[in-house]
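Residue numbers (the numbering used here): -18 to 488.
#1: Taking 8 Å as the threshold, find out whether the stretch 331 to 338 comes into contact with the stretch 296 to 310 through three or more Cβ pairs.
#2: Find the nearest neighbour of residue 65 within the set 32, 253, 80 and 257, judged by alpha-carbon distance.
#3: Buried or exposed: where does residue 474 fall if 16 or more other Cβ atoms within 10 Å of its Cβ makes it buried?
#4: Answer with buried or exposed for residue 14, where buried requires no fewer than 16 other C-beta atoms within 10 angstroms of its C-beta.
#5: So is residue 359 buried or exposed if we call it buried at 16+ other beta carbons inside 10 Å?
#6: Counting beta carbon pairs with one atom in the stretch 243 to 259 and one in the stretch 384 to 401, are three or more of them shorter than 8 Å?
#7: Near residue 151, what residues of its chain come up, given a Cβ to Cβ distance below 7 Å and the 5 sequence neighbours on each side ignored?
#8: Which partner residues of residue 547 appear in the DSSP bridge assignment?
#9: Round the Cβ separation of residue 71 and residue 59 to the nearest angstrom and send it over; I've been treating them as touching at under 8 Å.
#10: For a minimum of 4 consecutive residues, which ranges assigned as the alpha helix (DSSP H) are wholly contained in the stretch 159 to 237?
#11: Hey, could you find the ends of the beta strand (DSSP E) residue 320 is sitting in?
#12: Hey, out of 110, 101, 240 and 349, whose CA is closest to residue 191's CA?
#13: Output the distance between the C-alpha atoms of residue 330 and residue 251, rounded to the nearest integer angstrom.
#14: Would a C-beta distance cut-off of 8 Å place residue 483 and residue 470 closer than the cut-off?
#15: Looking at the unbroken alpha helix (DSSP H) that takes in residue 329, where does it start and where does it end?
#16: Which runs of the beta strand (DSSP E) spanning at least 3 residues fall entirely within the stretch 355 to 402, listed in chain order?
#17: Would you call the stretch 370 to 383 and the stretch 261 to 271 touching, i.e. three or more CB-CB distances under 8 Å?
#18: Quick check on the DSSP output: the alpha helix (DSSP H) that includes residue 109 runs from which residue to which?
#19: With distances taken Cα to Cα, identify the nearest neighbour of residue 290 among 304, 271 and 245.
#20: With H, G and I counted as helix, E and B as strand and the rest as coil, what does DSSP make of residue 441?
#21: Give the single residue among 101, 155, 147 and 333 whose Cα lies nearest to the Cα of residue 421.
#22: Can you tell me where the beta strand (DSSP E) with residue 412 in it begins and where it stops?
#23: Taking its Cβ as the centre, do 16 or more other Cβ atoms sit within 10 Å of residue 262, making it buried, or is it exposed?
#24: Tell me whether residue 267 sits in a helix, a strand or coil according to DSSP, three-state version.
#25: In chain order, what residues of the same chain lie with their CB nearer than 8 Å to the CB of residue 162, ignoring the 5 residues before and after it?
#26: With a threshold of 8 Å on Cβ separation, who are the neighbours of residue 441 within its own chain once the five nearest residues in sequence on each side are excluded?
#27: Apart from the five residues on each side of it in sequence, which residues of its chain come closer than 6 Å, Cβ to Cβ, to residue 160?
#28: Between which two residues does the alpha helix (DSSP H) containing residue 95 stretch?
#29: Give the straight-line distance between the Cα atoms of residue 453 and residue 120, rounded to the nearest whole angstrom.
#30: According to DSSP, is residue 291 part of a helix, a strand, or is it coil?
#31: Assuming residue 316 contacts residue 237 under a Cβ cut-off of 8 Å, what Cβ separation, rounded to an integer in Å, is found between them?
#32: Can you round the beta-carbon distance between residue 327 and residue 275 to whole angstroms, since I take them to be within the 8 Å contact cut?
#33: Which residue marks the beginning of the beta strand (DSSP E) containing residue 344, and which one marks its end?
#34: Measure from the C-beta of residue 284 to each C-beta in chain C and report whether the shortest distance is under 8 Å.
#35: Ignore the nearest five residues each way along the sequence and tell me which others in residue 478's own chain have a CB closer than 8 Å to its CB.
#36: Who are residue 471's beta bridge partners in DSSP?
Here it is in structure tokens:
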């Protein structure tokens, strides 16, 4: 009678089901009296009933989906619904970054099982993989890279040829400092990216622009990747209403309206660097400054301080692209818009593609080209962006006289802490090398040089920012492989108070 009959009558399967849930026993009893067609039909009824339930009845929905899969283990839609319902629960619970979390394990099992039982169409595989990637990116944003890695690996099992899965896997492994097989993986990834770029036009290349900047990718390829993503942003907005055209330059008696759009004017390096810029703007009455904040959360004390220096602060995160562009043009009447995000988190390049201001400038937050035809200038200096590199930028270089990098000259610095306060053994340390950059910026070739330096300088230590525990474990493992003991690497905890954070640099 086929495989389904074995599963309904096999003693081992019965025991497994009894352990899962008593209510499922009745399902199996009646199922054993039905044929496969009847079971599939009833499974679809349960699926429809489950999908009609709201979030307030999620546990009942999960129970119905499980029963549907017991009746029809090859029901792809039931497996998808169960898996994605379970994954979405991860965002509403407080849990450690546990790749073996029961909720995640059940979500994986549902899709793994159905992918082995049935031949899914390529469209279905693509949809499932894209959903898993989106969920993974959100988990990364919540500092759960190990859970994200599990979802990317699941996507790779469902469709080994899915190109964007390859890019997400590479990125999260870089994030975790998993460097084994890195060169081969990167070579395969770049072959895929080159093929995607050859197709031309808008494309969500498997390597994102921000990731490309931090990798060994040549400048022209970086430009091509950025162009493909910028075209993708602009292709998703409606262009029935041209916003630009009627705006006139300010008269001699009116202030120039300058807008800054960013999601990082909070407890972020960009806010620390821009603070003095906004202070200086406040002094110049010929300039009216408007901040367009794309961050959805609390901007904290840093954002509040910036608010006190600008003429207007507008929270634009909920606005659609068309609404945001219209607000910039018609309501705020901004003449020059400075984008501090580029291809980073909180970007609104899609809204900027509607050309809401006569002049758009890219500055500070993203250190490479946006590749966007609608961004006019890249504000930098001659050292950071020499003229001979202009070929790799879609924007025109605009130079500041000394450095593009703004400093907060009024930043208070606390008293110097002791070595013991920061966990460094004073008597056993002769020299401290330090790097408080993000782990994504630490590459194996640079790390190997660091280890050679440590071995060459007796009793020296490397002081790094404290990362995710798995990142720390991986870095220590790489150090041991290169002949450096774990005692030579110290991880510094995060200090929210910037004056105290800067004070420890004196050590």
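Heads up, the beta-carbon is just placed ideally off N, CA and C, and yes, glycines get one too.
Let's see:
#1: yes
#2: 32
#3: exposed
#4: Note that residue 14 scores 44 on pLDDT, short of 50, meaning its location in the model is unreliable and no value can be drawn from it.
#5: buried
#6: yes
#7: 166, 167 and 170
#8: There is simply no residue 547 to check, as the chain begins at -18 and stops at 488 in what is shown.
#9: Not really, about 20 Å apart at Cβ, beyond 8 Å.
#10: 163 to 179, 190 to 194 and 200 to 216
#11: 317 to 320
#12: 349
#13: 18 Å
#14: no
#15: No alpha helix (DSSP H) holds residue 329; DSSP gives it neither H nor E.
#16: 358 to 361 and 377 to 380
#17: no
#18: 103 to 122
#19: 271
#20: strand
#21: 155
#22: 412 to 416
#23: buried
#24: coil
#25: none
#26: 410, 411, 412, 413, 414, 434, 435 and 469
#27: 425
#28: 83 to 98
#29: 19 Å
#30: coil
#31: 6 Å
#32: 4 Å
#33: 340 to 344
#34: Included in the structure is just one protein chain, with no chain C present.
#35: 395
#36: 444
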